[in-house]
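A.B. asks:
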Amino acid sequence: MSVRNVARSLLLAALVVPAPRVLAAPDSAALISSLKRTAPATIAFAEARFSSLLREPLIVSGELAYGGPRDFERRVTQPYRETTAIRGDSVSVDREGEQPRTFALQRAPELRGFVSAFGSLLAGDAAALERAFTVAASGDAAAWRLELTPIDARARHRLRAIVIHGSGAEPRCFATLDTQGGGSVMLVDAEAPVSVAADASLDGLLAQCGAE
Amino acid sequence: MSRSPAALLLLALWVAGLVAAGAVAERHLSVTSDLRLFLPAPATSEQRLLLEGLGEGPAARVLVIALDGAPPEELADASRAVAENLRGDEGFRFVANGDFALDEIPDALLSYRFLLSPTLDTEVLDESTLRAALVARSRDLASPAGLLIEPWLPRDPTLELPRLLERWQPTQEPRREFDVWFDRAGKRALLLAETRAPAFDPDRQRAAIERLETSLAAVEAGGVEMTISGAGRFSALMEARTRGEAQRLGVAATIGMLVLLLIAYRSFGPIVLSVLPLASAGLAGAAVVGAIFGSVHGITLAFGITLIGVAQDYPLHLLSHRRRDRTPREVARDLWPTLATGVASTCIAYLTFLFSGVAGLQQLACFSVAGLAVAGISSRFLLPHLMAETRRDLGDSLVLGRLWQAIMSWPRPRWAALALAAVCAGTVALARTPLWDDNLQGLTPVPASLLAADQELRAELGTADLRYLLAVEAIDDDAALARVERLEPGLAALVQRGAIAGFDSAARYLPSAARQRARQAALPDSAALRASLAGATATTPFRSDAFEPFVADVERARALAPLTRDDLRANGLGDRVEMLLRTDSESGTTALVTFTGVADVAALRELAQSAGEGAALLDLKQASESLVAQQRTRILWSLGVAAILLAAVVGVALRSRERLLRVLAPMILATLVVVATLQAAGVPLTLFHLISLILAAGLGLDYALFFERAADDPPEQRRTLHAILVCSLSTLLVFALLATSSLPVLRAIGLPVAIGVVANFVLALLLTTPRKPASGHALATEPMVARDLRA
């Protein structure tokens, strides 16, 4: 085993080892702080995008890397290669066959909401999350559900809610729901690659997330 | 010193009058620093463009702003915040940082995107183009930015609008980080701001700069530093620096003068008295210029105030020539013919500027003539009434007597004057320094380091090279746009060859009607577009009916009347086009093509020539040099006429050719000495030097006139020596201080006058010698100079 593989295993172990269990009741603050992750960490994801413009969902998979509260990378490996790096308020996108682009989160309040939600969750920072979202928790420790509704009016214009499903200290699904009846569902798994069926529907996937 | 009640009343009235005049002047006088006032009226279209551009032109009003000193992300945030704060600000026409929002474009213009964008010149909206676009869009949609882009997709699946907006950015798009402009190194965020105030309005420019700075302060971006550069910034900066330095030097000069006058006259009374004609002169000059021209140019004011050098001498002559056996009024009457000759001849010299055709010089003439006349007349008719009888007669001074004798004992070889003239002429002829400074920048001296920094920032932003412009004339806007379009392949070839780095023209923003129609014709009809879309959506995950709004938009675009300049203006997007498309009621429209990175001027000129009648490559640097040369020609003509008139006035007053030569010789030689000294020191002459030379000549003329007057009378010689010593030392003090200034303008005034005063004093003493030996001393000093000059 190379040093690199050892390090990788340790990282994955850090993700897998659960934080202390305080999840008897759906207390959102306690739940959120239990989701805290130690940077750096990587996790496999598969995401399905639903839109009224689409005949069938767009499905991509790859891995997410968490380097700290304001540092993420989303690396798509299937069906094409694309890396989106979000550092602070700045986004750079590098897609195969295209010129790399950079832009600012400022321009995209919807996107900023999503990123800040993600960052706050991984930092276990309930207070930061509650500054941008109305947070509602339900379910129990074995299958919990967090629903985040943006407070900012401009963000709410496009983003209806972010719904996160999980079990214990492990989030399983991140669903981003827009106001047009579309959205995306991202399944994550720290241990094994995940996949989404090509004929999945938004409601079906959401139900699947809730059932687990 | 006791004075009569009448004298005290006169003093009170005079002071009150000055205070009142000062208050009026303060209120009504506006000081301008518009350089164009000191340039002749433009004769060619190049010169006209140059002058327009100098102050009012957009190029001169654009400030470049750099944000520095923080990580790029923070700088980008600060850049956005500054632009946001200033949007809609009254002081700015626009603030640009490279950021653009899709929803800023008026809906009325959205459908025009296919007519304005060059996409359809090379591509067809067919199935394969659409398929490639839809594949890219599906990936966009699956990315984190999907939420953002989704609402635009049904109407604009090819993203034509963002492409168009990007095309409307500067030709050589600066590096873009996080949606805003950065320098090549990615270390500084860059912005452009166009002020409403012209560049040469330092007060409004300063206000605009302050607003820029407060807009950054409001952002609370820790550590971010703002650098502002541009003509307006320089004008505000130089005005503040000139003001500050002039004030510091003024305080030093005032203290020096006080000490000098106290030593010379040993009481405070004369100092107070000598200020009165001086202040009257300054106020009268400003009032006359204000009444005739409405505003006073800063340069006029600066020069006008240096008239102190001449006007102050008038009361000093009166004070030094006081004597025990005469009343001050009698002394004034005795001195008047000499004084009046000096005043009249200097005034006539300045009057020639009235015919120079240069507004700034006309102002200067009015200022000087009014000021000198008031100083001379008040010294003659008002000042003597305020002067107490004196017990001290400088004619008795043993020290001055001995000094005079010592000076008279100096050798005065006949050939010396001519030799000096020859040396000076030789120096000028052999000096490597160019005689004249043809650079317009010489008149607006901005420190070279600031100019270099400005150049560097502008290069980073890819703003146009301001030296070369291609002007294309046509009968109307559309014809001009079409002509420019015909030049585009040639220009693109020049870019390819590296002759230029890039070019910009109005046609980039507003294509000609013909070109818009051609693109319209290339748009598919609804049936064809639906068929292509059906093919493209079949192989991508998009629904076949997802792009109906796009079909409707293309259908609308097919029926649009071509966009005009007025449409753009009505939608607030006309600024760029206005800069590059100039309508003249007489000659139609001139379209301008600007360039970046001009490397091969000959190639550009060739292109302009091949473009036929009405197309020309303008060289604004050459235009500015020719303007400066014209200005100089006019000044030199004025000077020539002035010299003749001056000689005539002095000749009439002195009624003797011999005396005339003795008076004029020191002045002419001194002027030569000044020019030769400047040349030897490597200083090419500018407008400022020329005007300073006239000032120095005016002083020299007075010295010579008074020395000549005192020729035969030993006590009077001592009084005159005293008067001229005080006059020349005080003038030397003021102008030597100016010569030490760090500012080129003040130095250009100070240096020639300081050298000129010394040269005039020494030469007047040596050349304007008495006809007979003074006080019976055996000094055989015949008027050899007169003979020399005749010879």
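Protein sequences appear in the order of chains G and P. Every position in the first sequence, counted from 1, becomes a number in our numbering once 3 is added. Every position in the second sequence, counted from 1, becomes a number in our numbering once 119 is added. Glycine residues also receive a C-beta, built at the ideal position from the N, C-alpha and C atoms.
In chain order, what residues of the same chain have a beta carbon less than 8 Å from the beta carbon of residue 675 of chain P, not counting five sequence neighbours either side?
C.D. replies: If you number the second sequence from 1, residue 675 of chain P lands on position 556. Answer for residue 675 of chain P: 230, listed in chain order.
A.B. asks: Taking residue 673 of chain P and residue 642 of chain P to be in contact with their CB atoms under 8 Å, please state how far apart those CB atoms are, rounded to whole angstroms.
C.D. replies: The residue you call residue 673 of chain P lines up with position 554 of the second sequence. The residue you call residue 642 of chain P lines up with position 523 of the second sequence. Rounded, the Cβ-Cβ distance is 5 Å, consistent with contact.
A.B. asks: Please state if the CB of residue 63 of chain G and the CB of residue 76 of chain G are separated by a distance shorter than 7 Å.
C.D. replies: Indexing the first sequence from 1 puts residue 76 of chain G at position 73. Indexing the first sequence from 1 puts residue 63 of chain G at position 60. It is not a contact, given that the beta carbons lie outside the stated cut-off.
A.B. asks: When the distance is taken between beta carbons, is residue 875 of chain P closer than 7 Å to residue 784 of chain P?
C.D. replies: As a first step, residue 784 of chain P is located in the second sequence; it is residue number 665 there, counting from the start. As a first step, residue 875 of chain P is located in the second sequence; it is residue number 756 there, counting from the start. Result no, Cβ atoms of residue 784 of chain P and residue 875 of chain P do not sit closer than 7 Å.
A.B. asks: Quick check: is the beta carbon of residue 57 of chain G nearer than 7 Å to any beta carbon in chain P?
C.D. replies: On the first sequence, position 54 is the one that residue 57 of chain G refers to. Judged by the 7 Å Cβ criterion, residue 57 of chain G is in contact with chain P.
A.B. asks: Please list, in chain order, the chain P residues whose beta carbon lies closer than 8 Å to that of residue 96 of chain G.
C.D. replies: By 1-based counting over the first sequence, the position of residue 96 of chain G is 93. By Cβ distance, chain P contributes 262 and 264.
A.B. asks: Express the C-alpha separation of residue 847 of chain P and residue 883 of chain P in angstroms, rounding to a whole number.
C.D. replies: As a position in the second sequence, residue 883 of chain P is number 764, starting the count at 1. As a position in the second sequence, residue 847 of chain P is number 728, starting the count at 1. The straight-line gap from Cα to Cα measures roughly 12 Å.
A.B. asks: Between which two residues does the beta strand (DSSP E) carrying residue 756 of chain P extend?
C.D. replies: Here residue 756 of chain P refers to the residue found at position 637 when the second sequence is read from its first residue. No beta strand (DSSP E) holds residue 756 of chain P; the alpha helix (DSSP H) holding it covers 739 to 773.
A.B. asks: For the segment 175 to 193 of chain G, which residues have a CB atom closer than 9 Å to at least one CB atom of chain P, in sequence order?
C.D. replies: From the segment 175 to 193 of chain G, only 179, 181, 183, 185, 186 and 187 have a Cβ closer than 9 Å to chain P.
A.B. asks: Using DSSP with H/G/I as helix, E/B as strand and the rest coil, what is residue 506 of chain P?
C.D. replies: Numbered from 1 along the second sequence, position 387 holds the residue referred to as residue 506 of chain P. Coil, per DSSP.
A.B. asks: By the 8 Å beta-carbon criterion, what residues does the segment 270 to 304 of chain P contribute toward chain G?
C.D. replies: Of all residues in the segment 270 to 304 of chain P, 270, 272, 273, 295, 296, 297, 298 and 299 have a Cβ within less than 8 Å of some Cβ in chain G.
A.B. asks: Could you tell me if residue 431 of chain P is buried or exposed, where buried requires 16 or more neighbouring beta carbons within 10 angstroms of its beta carbon?
C.D. replies: Indexing the second sequence from 1 puts residue 431 of chain P at position 312. Answer is buried; the Cβ neighbour count reaches 16.
A.B. asks: Mind checking the segment 657 to 689 of chain P against chain G and listing, in chain order, the residues whose C-beta falls within less than 7 Å of any C-beta there?
C.D. replies: Residues 660, 661, 662 and 665.
A.B. asks: Residues of chain G with a CB under 9 Å from the CB of residue 258 of chain P: which are they?
C.D. replies: For the purposes of this step, residue 258 of chain P is taken as residue 139 along the second sequence, with counting starting at 1. Within chain G, the residues near residue 258 of chain P are 61, 63, 79, 83, 85, 98 and 101.
A.B. asks: Anyone know if the C-beta pair for residue 334 of chain P and residue 201 of chain P falls short of 7 Å?
C.D. replies: Working through the second sequence from its first residue, we reach residue 334 of chain P at position 215. Working through the second sequence from its first residue, we reach residue 201 of chain P at position 82. Yes, these two residues count as a Cβ contact at 7 Å.
A.B. asks: Can you give me the C-alpha to C-alpha distance between residue 515 of chain P and residue 804 of chain P, rounded to a whole angstrom?
C.D. replies: By one-based count along the second sequence, residue 515 of chain P stands at place 396. By one-based count along the second sequence, residue 804 of chain P stands at place 685. Each residue's alpha carbon lies about 45 Å from the other.
A.B. asks: Can you give me the Cβ contacts of residue 407 of chain P inside the same chain, cut-off strictly under 6 Å, excluding the 5 residues immediately before and after it?
C.D. replies: Reading the second sequence from its first residue, position 288 is the one you call residue 407 of chain P. Hits under 6 Å: 485 and 489.
A.B. asks: To the nearest angstrom, report how far apart residue 320 of chain P and residue 355 of chain P are at their CA atoms.
C.D. replies: Within the second sequence, residue 320 of chain P is the residue found at index 201, counting from 1. Within the second sequence, residue 355 of chain P is the residue found at index 236, counting from 1. Looking at the two C-alpha atoms, the distance is approximately 8 Å.
A.B. asks: What separation, rounded to the nearest whole angstrom, lies between the Cα atoms of residue 213 of chain G and residue 118 of chain G?
C.D. replies: In the first sequence, the residue the question calls residue 213 of chain G occupies position 210. In the first sequence, the residue the question calls residue 118 of chain G occupies position 115. When rounded, the distance between both Cα atoms is 22 Å.
A.B. asks: Using a cut-off of 7 Å between C-beta atoms, extract the partners of residue 91 of chain G located in chain P.
C.D. replies: Numbered from its first residue, the first sequence carries residue 91 of chain G at position 88. Simply 192.
A.B. asks: Compare the C-alpha of residue 649 of chain P against each of P:671, P:326 and P:285 and name the closest.
C.D. replies: As a working note, residue 649 of chain P is residue 530 in the second sequence. Measuring from the Cα of residue 649 of chain P, the nearest candidate turns out to be P:671.
A.B. asks: Would residue 105 of chain G count as contacting chain P if we go by Cβ distances under 7 Å?
C.D. replies: Working through the first sequence from its first residue, we reach residue 105 of chain G at position 102. At least one chain P Cβ lies under 7 Å of residue 105 of chain G.
A.B. asks: From residue 214 of chain P to residue 312 of chain P, what does the alpha carbon distance come to, in whole angstroms?
C.D. replies: As a working mapping, residue 214 of chain P is identified with position 95 in the second sequence. As a working mapping, residue 312 of chain P is identified with position 193 in the second sequence. Answer to the nearest angstrom: the Cα atoms are 4 Å apart.
A.B. asks: Between the Cα of residue 123 of chain P and the Cα atoms of P:158, P:227, P:506 and P:287, which residue gives the shortest distance?
C.D. replies: Residue mapping note: residue 123 of chain P aligns to position 4 of the second sequence, counting from 1. Residue P:506 is the option with its Cα nearest to residue 123 of chain P.
A.B. asks: Counting C-beta neighbours from all protein chains within 10 Å, is the total for residue 542 of chain P 16 or more, i.e. buried, or is it exposed?
C.D. replies: Along the second sequence, one-based indexing puts residue 542 of chain P at 423. Residue 542 of chain P should be labelled exposed.
A.B. asks: Could you give the first and the last residue of the continuous beta strand (DSSP E) run that contains residue 170 of chain G?
C.D. replies: Locating residue 170 of chain G in the first sequence gives position 167, where the first residue counts as 1. Looking at the DSSP string, the run of the beta strand (DSSP E) that includes residue 170 of chain G is 162 to 170.
A.B. asks: Sorted by chain position, which residues of the same chain lie with C-beta nearer than 6 Å to residue 733 of chain P's C-beta, five sequence neighbours on each side aside?
C.D. replies: Counting from one through the second sequence, the residue named residue 733 of chain P turns up at place 614. Counting only Cβ-Cβ distances below 6 Å, and skipping sequence neighbours, we find 592.
A.B. asks: By DSSP, does residue 14 of chain G sit in helix, in strand, or in coil?
C.D. replies: Residue numbering aside, residue 14 of chain G sits at position 11 when the first sequence is read from its first letter. Because residue 14 of chain G carries a pLDDT of 44, less than 50, the predicted location of this residue cannot be relied on, and the following value inherits that uncertainty. It is helical.
A.B. asks: CB-CB under 8 Å to residue 306 of chain P, same chain, minus the five flanking residues each way: which ones, in chain order?
C.D. replies: Counted from its first residue, the second sequence places residue 306 of chain P at position 187. Within the same chain, residue 306 of chain P has close Cβ partners 187 and 191.
A.B. asks: Output needed for residue 909 of chain P: all residues of its chain with C-beta closer than 6 Å, excluding positions within five of it in sequence on either side, in chain order.
C.D. replies: In the second sequence, counting from the first residue as 1, residue 909 of chain P sits at position 790. The predicted position of residue 909 of chain P is uncertain, since its pLDDT is 38 and thus under 50; no value can be drawn from it.
A.B. asks: 7 Å is my cut-off, CB to CB: does residue 267 of chain P come that close to chain G?
C.D. replies: As a position in the second sequence, residue 267 of chain P is number 148, starting the count at 1. For residue 267 of chain P, the answer is yes, since a Cβ of chain G falls inside 7 Å of its Cβ.
A.B. asks: Which term fits residue 154 of chain G, buried or exposed, when burial requires 16 or more other beta carbons within 10 angstroms of its beta carbon?
C.D. replies: Here residue 154 of chain G is taken as the residue at index 151 of the first sequence, counted from 1. Exposed, because fewer than 16 other Cβ atoms sit within 10 Å of the Cβ of residue 154 of chain G.
A.B. asks: Find the residues of chain G that neighbour residue 195 of chain P, judging by a C-beta separation of less than 9 Å, and give them in chain order.
C.D. replies: Translated into the one-based positions of the second sequence, residue 195 of chain P becomes position 76. Per Cβ cutoff of 9 Å: 92, 93, 107 and 109.
A.B. asks: On the three-pair Cβ rule with 8 Å, is the segment 238 to 249 of chain P touching the segment 338 to 347 of chain P?
C.D. replies: Cβ pair count under 8 Å is below three, so no.
A.B. asks: Just the chain P side, please: which residues come within less than 8 Å of residue 117 of chain G by C-beta, in chain order?
C.D. replies: As a working note, residue 117 of chain G is residue 114 in the first sequence. What residue 117 of chain G touches in chain P: 263 and 266.
A.B. asks: What is the rounded straight-line gap between the Cα of residue 782 of chain P and the Cα of residue 824 of chain P?
C.D. replies: Here residue 782 of chain P corresponds to residue number 663 of the second sequence, with the count starting at 1. Here residue 824 of chain P corresponds to residue number 705 of the second sequence, with the count starting at 1. Cα to Cα, residue 782 of chain P sits roughly 6 Å from residue 824 of chain P.
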